[in-house]
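Below is one structure, written out as structure tokens, with a few remarks after it.
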Amino acid sequence: AEDYADKEHAAGVLEDALDALKGSLSAEYKRKGEPATLIGSLIKNDPLYKEMALQWRDAVKAYRIARLKYDQICRYQDNEKTNEVTARALTT
Numbered sequence: 789a790e791d792y793a794d795k796e797h798a799a800g801v802l803e804d805a806l807d808a809l810k811g812s813l814s815a816e817y818k819r820k821g822e823p824a825t826l827i828g829s830l831i832k833n834d835p836l837y838k839e840m841a842l843q844w845r846d847a848v849k850a851y852r853i854a855r856l857k858y859d860q861i862c863r864y865q866d867n868e869k870t871n872e873v874t875a876r877a878l879t880t
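In our numbering, the protein residues as written are 789 to 880.
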């Protein structure tokens, strides 16, 4: 549980940083006089934004994998408990 929680937190921090960078780049492009209709595509093509977006994507992927593993362990443990209860019920 700690692994996926840590990875979820890391992805959230990166997402917040990505949003802050997007706002900063947007303000910079507005200050330069870029048209509002182009700012979104300029931000997406910015090398710093691209790098941070890739880091965020990788962090989210790692979080989702860790969450799936955690969920599988929980299901396995629940299944084992059910099997034990069933086995006890059948022996009585």
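Beta carbons: idealized from backbone N, C-alpha and C, even for Gly. Keep in mind that this is a model prediction, so the values were computed, not measured.
State the start and end residues of the unbroken alpha helix (DSSP H) segment that holds residue i.
{"i": "K810", "result": "E790 to R819"}
Would DSSP call residue i helix, strand or coil?
{"i": "D834", "result": "coil"}
{"i": "T880", "result": "coil"}
{"i": "E822", "result": "coil"}
Please return the same chain residues whose Cβ sits closer than 7 Å to the Cβ of residue i, not counting the five positions on each side in sequence.
{"i": "E803", "result": "W844"}
Can you list, in chain order, the residues of its chain with a C-beta nearer than 8 Å to that of residue i? Leave out the 5 residues immediately preceding and following it.
{"i": "Y792", "result": "Y851, A854, R855, K857 and Y858"}
Sorted by chain position, which residues of the same chain lie with C-beta nearer than 6 Å to residue i's C-beta, five sequence neighbours on each side aside?
{"i": "Y817", "result": "I827 and L830"}
{"i": "T874", "result": "none"}
Hey, residue i and residue j are a contact pair by Cβ (cut 8 Å); roughly how many whole angstroms apart?
{"i": "L813", "j": "D834", "result": "6 Å"}
{"i": "K795", "j": "A847", "result": "7 Å"}
Following a CB-centred definition, is residue i positioned closer than 6 Å to any heavy atom of the ligand ADP?
{"i": "L802", "result": "In terms of ligand content, the structure shown is empty, and the ligand ADP therefore cannot be addressed."}
Whose CA, out of the options, lies closest to the CA of residue i?
{"i": "A799", "options": "K810, P823, A841 and G811", "result": "A841"}
{"i": "K810", "options": "L836, V848 and R863", "result": "L836"}
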